[in-house]
Ligand code: NAD
Ligand code: MG
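Numbering (our numbering), first residue to last: 897 to 1271.
Below, the structure is given as structure tokens:
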């Protein structure tokens, strides 16, 4: 991956042949969006999709930046929250893009978190059989994860993210300063995904985070470095396995347990948001690996200590309210990961930064482990 200092922004290339694109990471990139977009799409018009919260903070800034670069824009504003990833809202976005008379050479911009990015990318992927798409992610989770890689979509009553398309963006602008207005809880949730890249295969990045996480939370250079390192990691995985047939599965470290916990609380975000589920899930994945004699107790403790330090939940008992019994949790796991002859695919680890895909994990082992965890 190419990454170089560019003026005051880092640049990471997502290398996908003729669908390659840049991720720029730096302060106040919203102000530079007009220039970056006008350079890449001369003469294009834009539809900006955002949610009410983000629009009230950054829409005017973005439209001014576009206008000063000669890019005419329309705004499409959705309610905030996961429920916005629905057919109903997709229809509204699609209709408003068409009503704004955007043509195929024009661009659709997502200004918001993962919800807006997923919904907007899907709309951009299907309107006129595919329009140019620009991501301006405004949550840490969206900057380090959802805005990169081209997975887009909405939820079904039958499950999350079941309807969608792969549609790569043509540009990602991660403005690190917009994260200043993000709630501490949402920032921590995104941080769990940042730490995940260290735990997958970059022990030195995890060690750096252990020493520098306070600066990452504070903003400035350390934050930019953490986001750029995360984007580089995700970009490499996506370039190697765009459509998730193999290596991309490593990105699911902590997600099997995490998803089961999210489902177990009925996706009630007052109890658990995705990144929090991933934090607990990563700790469980390390502890489960210890139980299988793959990793050391010290490594599992180290992971838990760091995530707890930053204020993330790390134990089942950190989730407010009652959890369903372990066998219910196992049912969620079995639903999430197709179980074949009592065996499931799991991301396990030999220690910090040494994760691997295990295809043959006995469901019975998972069940025994969970029963132990419930105490
Ligand atoms: P989100 O988009 O709901 O944003 C969280 C909250 O923060 C919202 O209320 C939003 O209005 C607010 N917000 C956003 N930016 C802000 C800012 N700068 N200042 C103040 N408030 C701000 O949630 P998210 O965590 O960003 O994304 C979660 C979604 O991402 C889920 O739907 C998940 O499925 C999806 N996701 C997709 C991928 C992918 O590869 N496509 C990967 C991971 C997650
Ligand atoms: Mg995730």
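All C-beta atoms in this analysis are idealised placements derived from N, C-alpha and C, irrespective of residue type, glycine included. What you are looking at is a predicted structure, and each value in this text was computed from that prediction instead of being measured.
CA-to-CA, the gap between residue 1178 and residue 932 works out to about 37 Å. Residue 935 sits exposed, since fewer than 16 C-beta atoms from the chains shown fall within 10 Å of its C-beta. Annotation for residue 1158 indicates a beta carbon at 7 Å or more from all heavy atoms of the ligand MG. In the same chain as residue 1247, and ignoring 5 residues on each side of it, the C-beta atoms closer than 7 Å to its own belong to 1191, 1192 and 1195, in chain order. When secondary structure is reduced to three states using DSSP, residue 1140 falls in the coil class, being assigned neither helix nor strand. When DSSP states are grouped into helix, strand and coil, residue 917 belongs to the strand group.
Spanning the alpha carbons of residue 954 and residue 965 requires a straight line of approximately 17 Å.
By the neighbour-count criterion, in which a residue is buried when 16 or more other Cβ atoms sit within 10 angstroms of its Cβ, residue 1270 is exposed.
In this structure residue 938 is exposed. Its beta-carbon is surrounded by fewer than 16 other beta-carbon atoms within 10 angstroms. The stretch 1044-1053 and the stretch 1123-1134 touch, with three or more beta-carbon pairs separated by less than 8 Å. Bridge pairing for residue 974: 947 [DSSP]. Exclusion of the five residues before and after residue 1137 leaves 1143 and 1144 as the residues of its chain whose Cβ lies within less than 6 Å of its Cβ. The bridge partners DSSP lists for residue 1086 come to none. For residue 1009, the shortest C-beta to heavy atom distance toward the ligand NAD is below 7 Å. Per DSSP, residue 1028 is one residue of the beta strand (DSSP E) stretching across 1028-1033.
Rounded to whole angstroms, the Cβ separation of residue 925 and residue 907 is 11 Å, and the two are not in contact under 8 Å. Each residue's CA atom was taken as its position, placing residue 1243 and residue 1215 some 23 Å apart.
Each of 1041, 1089, 1151, 1170 and 1174 has a C-beta closer than 6 Å to some heavy atom of the ligand MG; these make up the full list, in chain order. For residue 1004, the Cβ stays outside the 7 Å cut-off from all heavy atoms of the ligand NAD.
Relative to the ligand NAD, the beta carbon of residue 1068 is positioned no closer than 7 Å to any heavy atom.
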